[in-house]
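Engineer: Pasting a structure here, questions to come.
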Amino acid sequence: MPLLELAHLQKSYGPVKALEDLSLEVPEGCLYGLLGPNGAGKTTTLRILATLLAPDQGTVQVAGIDALQDPRSVRCLMGYVAQEVAIDKILTGRELLQLQGDLYHLRPSNRDKRMQELIALLGMQDWIDRRCGTYSGGMRRRLDLASGLLHRPRLLVLDEPTVGLDIESRGAIWQVLRELVQEGTSVLLSSHYLEEVEALADRMAIIDAGRVIAEGTPDELKQRLGGDRVTLRVREFSDQHEAERLQRLLQPVEGVLQIVVNRAQGYSLNLVVEGDHVLQRLRQQLDQAGLPVFALAQSRPSLDDVYLQATGRTLMDAELAVAGQRDTKQERKQSMR
Numbered sequence: 007m008p009l010l011e012l013a014h015l016q017k018s019y020g021p022v023k024a025l026e027d028l029s030l031e032v033p034e035g036c037l038y039g040l041l042g043p044n045g046a047g048k049t050t051t052l053r054i055l056a057t058l059l060a061p062d063q064g065t066v067q068v069a070g071i072d073a074l075q076d077p078r079s080v081r082c083l084m085g086y087v088a089q090e091v092a093i094d095k096i097l098t099g100r101e102l103l104q105l106q107g108d109l110y111h112l113r114p115s116n117r118d119k120r121m122q123e124l125i126a127l128l129g130m131q132d133w134i135d136r137r138c139g140t141y142s143g144g145m146r147r148r149l150d151l152a153s154g155l156l157h158r159p160r161l162l163v164l165d166e167p168t169v170g171l172d173i174e175s176r177g178a179i180w181q182v183l184r185e186l187v188q189e190g191t192s193v194l195l196s197s198h199y200l201e202e203v204e205a206l207a208d209r210m211a212i213i214d215a216g217r218v219i220a221e222g223t224p225d226e227l228k229q230r231l232g233g234d235r236v237t238l239r240v241r242e243f244s245d246q247h248e249a250e251r252l253q254r255l256l257q258p259v260e261g262v263l264q265i266v267v268n269r270a271q272g273y274s275l276n277l278v279v280e281g282d283h284v285l286q287r288l289r290q291q292l293d294q295a296g297l298p299v300f301a302l303a304q305s306r307p308s309l310d311d312v313y314l315q316a317t318g319r320t321l322m323d324a325e326l327a328v329a330g331q332r333d334t335k336q337e338r339k340q341s342m343r
């Protein structure tokens, strides 16, 4: 039986559908990654799981407990570290952890022992007694993580835990998460960093527009593509129809398994190929058609290729599109003032 089951979750904010029939299962003792661009529905999913938000439809089960019917019991099993946590700048880190332990009704002796374990685990000895207002971003994230682990949860839920951190702080948190999973804690981690999910996750789901579009281990998802990836650009196409005509021209080439039109990058083509002489055959086909090659590159499959295969755009393209939408909304608000 999975530790966590999310089934057919739906959530809308007015006309905007944040989640649309999202389902996934997280096994016990697993670090499970949720990968997707900002705006894909990751934070909404985690807030529903943490009983901070009610879905419009769907069910949430944690260790066999219905989170929507018995949220108190689920909160005892779970540690939740949000993307942005308000920390009292006047308190020291130690005082904040003591307060967190009191909120969980931990006995003072057990609370203090657990605090010392977490201070050592997260390398906080040198600054835990300083006021939180003096902390760097990396220090604040380690303190957030300690707060989520104080009551020894079976499931730790992390929303973008390393966003904006320097390489050293990110590496330290990665190491702590690996140790937690080895000790039996299950971790559900959301991120839009490809390398983070690939480095940490035992299993993962890729989310886009409120749906799970791919699920499995990172290696399984890449292997499903088969072969190598080739990125091809002949010239800037005026529209998608020209790119699709080139797609039909190259599809019969021996060794070409699949072709995806990348709409976000001048309608370039991304091919999945197999065989040592595919690039040569592609060039010959393009020469015969009188189409000079502008750019041609070959690489092993990555998680970004998996995302591209499912959506027709890369994860970076999706991030840029969401950022553009936010800028447009901000411009509209300013123009209305």
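Following my numbering, the residues of the sequence shown are numbered contiguously, the last one being 343. Glycine included, C-beta positions come from ideal geometry on N, C-alpha and C.
Return the CA-CA distance between residue 223 and residue 89, expressed in angstroms with no decimal places.
Structural biologist: Reading the sequence shown from its first residue, position 217 is the one you call residue 223. Reading the sequence shown from its first residue, position 83 is the one you call residue 89. When rounded, the distance between both Cα atoms is 24 Å.
Engineer: Based on Cα-Cα distance, which residue from 157, 221, 49, 65 lies nearest to residue 191?
Structural biologist: Walking along the sequence shown from the start, residue 191 turns up at place 185. Cα-wise, what sits closest to residue 191 is 157.
Engineer: Three or more beta-carbon pairs under 8 Å between the segment 202-219 and the segment 261-268, yes or no?
Structural biologist: Touching, no, given that fewer than three Cβ pairs across the two stretches are closer than 8 Å.
Engineer: Kindly indicate which three-state DSSP category residue 268 falls into: helix, strand or coil?
Structural biologist: By 1-based counting over the sequence shown, the position of residue 268 is 262. It is a strand residue.
Engineer: Where residue 216 and residue 234 are concerned, what is the direct C-alpha to C-alpha distance, given to the nearest angstrom?
Structural biologist: By one-based count along the sequence shown, residue 216 stands at place 210. By one-based count along the sequence shown, residue 234 stands at place 228. Using only the alpha carbons, I get a separation of about 29 Å.
Engineer: Where are the alpha helix (DSSP H) runs, 4 residues long or more, that stay fully inside the segment 166-197, in chain order?
Structural biologist: Correct list: 173-188.
Engineer: Where in the segment 42-99 do unbroken runs of the alpha helix (DSSP H), each at least 4 residues long, occur, reported from the N-terminal end onward?
Structural biologist: 48-55, 77-83, all fully within the segment 42-99.
Engineer: So who's on the other strand from residue 252, going by DSSP bridges?
Structural biologist: Numbered from its first residue, the sequence shown carries residue 252 at position 246. Answer is none; residue 252 lacks a bridge partner.
Engineer: Since residue 144 and residue 175 should fall inside the 8 Å C-beta cutoff, what is the C-beta to C-beta distance between them, to a whole number of angstroms?
Structural biologist: The sequence position of residue 144 within the sequence shown is 138, counting from 1. The sequence position of residue 175 within the sequence shown is 169, counting from 1. Indeed, because the Cβ distance is near 3 Å, the residues count as touching under 8 Å.
Engineer: May I have the straight-line CA-CA distance separating residue 5 from residue 73, to the nearest angstrom?
Structural biologist: Residue numbering for the chain in the displayed model covers 7 to 343; residue 5 lies beyond these limits and cannot be assessed.
Engineer: Mind checking residue 350: buried by the 16 CB within 10 Å criterion, or exposed?
Structural biologist: Here the chain has residues from 7 to 343 only, and residue 350 is not among them.
Engineer: Quick one: Cα of residue 40 to Cα of residue 197, how far?
Structural biologist: The residue given as residue 40 occupies position 34 in the sequence shown. The residue given as residue 197 occupies position 191 in the sequence shown. One C-alpha to the other measures close to 6 Å.
Engineer: In whole angstroms, what separates the C-alpha of residue 166 from that of residue 25?
Structural biologist: Residue numbering aside, residue 166 sits at position 160 when the sequence shown is read from its first letter. Residue numbering aside, residue 25 sits at position 19 when the sequence shown is read from its first letter. Rounded to the nearest angstrom, the two C-alpha atoms are 18 Å apart.
Engineer: So, for residue 19: in the same chain, excluding its five sequence neighbours on each side, which residues have a beta-carbon less than 6 Å away from its beta-carbon?
Structural biologist: Mapped onto the sequence shown, residue 19 falls at position 13. Cβ neighbours of residue 19 beyond the five flanking positions: none.
Engineer: What number of angstroms, rounded off, separates the C-alpha of residue 23 from the C-alpha of residue 12?
Structural biologist: For this step, residue 23 is matched to residue 17 along the sequence shown. For this step, residue 12 is matched to residue 6 along the sequence shown. One C-alpha to the other measures close to 17 Å.
Engineer: For residue 86, I'd like the list of residues in its chain whose CB is within less than 7 Å of its CB, leaving aside the five on either flank, ordered along the chain.
Structural biologist: Here residue 86 refers to the residue found at position 80 when the sequence shown is read from its first residue. These residues qualify, in order along the chain: 56, 154, 163.
Engineer: For residue 225, list the residues DSSP reports as bridge partners.
Structural biologist: Along the sequence shown, read from residue 1 onward, the residue named residue 225 stands at position 219. Looking at the DSSP assignment, residue 225 forms no beta bridge with any residue, so it has no partner.
Engineer: Residue 64 to residue 29, Cα distance in whole Å?
Structural biologist: Against the sequence shown, residue 64 aligns to sequence position 58. Against the sequence shown, residue 29 aligns to sequence position 23. The straight-line gap from Cα to Cα measures roughly 9 Å.
Engineer: In the DSSP output, what is residue 344 paired with across the bridge?
Structural biologist: Examination of residue 344 is not possible in this model, given that the chain is present from 7 through 343 alone.
Engineer: Please report the distance separating the alpha-carbon of residue 102 from that of residue 35.
Structural biologist: Here residue 102 refers to the residue found at position 96 of the sequence shown. Here residue 35 refers to the residue found at position 29 of the sequence shown. About 28 Å.
Engineer: If the criterion is Cβ atoms closer than 8 Å, does the pair residue 194 and residue 313 meet it?
Structural biologist: Here the question's residue 194 lines up with position 188 in the sequence shown. Here the question's residue 313 lines up with position 307 in the sequence shown. Cβ atoms of residue 194 and residue 313: not closer than 8 Å.
Engineer: Per DSSP, what are the beta-bridge partners of residue 39 in this structure?
Structural biologist: Locating residue 39 in the sequence shown gives position 33, where the first residue counts as 1. In DSSP, residue 39 forms a bridge with 195, 210.
Engineer: What whole-angstrom Cβ distance do residue 255 and residue 291 have, given they're in contact under 8 Å?
Structural biologist: Residue numbering aside, residue 255 sits at position 249 when the sequence shown is read from its first letter. Residue numbering aside, residue 291 sits at position 285 when the sequence shown is read from its first letter. Contact holds; Cβ gap of about 7 Å.
Engineer: Span of the alpha helix (DSSP H) holding residue 299?
Structural biologist: Translated into positions along the sequence shown, residue 299 becomes position 293. Residue 299 -> no alpha helix (DSSP H), and no H or E assigned at all.
Engineer: Give me the Cβ distance between residue 9 and residue 251, rounded to the nearest whole Å; I'm assuming they're in contact under 8 Å.
Structural biologist: The residue given as residue 9 occupies position 3 in the sequence shown. The residue given as residue 251 occupies position 245 in the sequence shown. In fact, because the Cβ distance is near 49 Å, the residues do not count as touching under 8 Å.
Engineer: How far does the beta strand (DSSP E) with residue 239 in it extend, from its first residue to its last?
Structural biologist: As a working mapping, residue 239 is identified with position 233 in the sequence shown. 234-239 is the span of the beta strand (DSSP E), which, as asked, contains residue 239.
Engineer: I need the DSSP call for residue 18, collapsed to helix, strand or coil.
Structural biologist: Translated into the one-based positions of the sequence shown, residue 18 becomes position 12. If DSSP states are grouped into helix, strand and coil, residue 18 belongs with the strands.
Engineer: In terms of residues, what are the limits of the beta strand (DSSP E) holding residue 279?
Structural biologist: Mapped onto the sequence shown, residue 279 falls at position 273. Run containing residue 279: 274-279, per the beta strand (DSSP E) assignment.
Engineer: Could you give the DSSP three-state label for residue 134: helix, strand or coil?
Structural biologist: Position 128 of the sequence shown, counting from 1, holds the residue named residue 134. The answer is coil: DSSP assigns residue 134 none of H, G, I, E or B.
Engineer: Per the DSSP calculation, residue 26 is bridged to which residue(s)?
Structural biologist: For the purposes of this step, residue 26 is taken as the residue at position 20 of the sequence shown. Paired residues: 16.
Engineer: With respect to the alpha helix (DSSP H) encompassing residue 317, which residues constitute its N-terminal and C-terminal limits?
Structural biologist: For the purposes of this step, residue 317 is identified with residue 311 of the sequence shown, where counting begins at 1. Run containing residue 317: 309-317, per the alpha helix (DSSP H) assignment.
Engineer: Which one of 149, 114, 115 has the shortest CA to CA distance from residue 131?
Structural biologist: Indexing the sequence shown from 1 puts residue 131 at position 125. Of the candidates 149, 114, 115, the one whose C-alpha sits nearest the C-alpha of residue 131 is 149.
Engineer: Tell me the DSSP bridge mates of residue 164?
Structural biologist: Numbered from 1 along the sequence shown, position 158 holds the residue referred to as residue 164. 87, 195.
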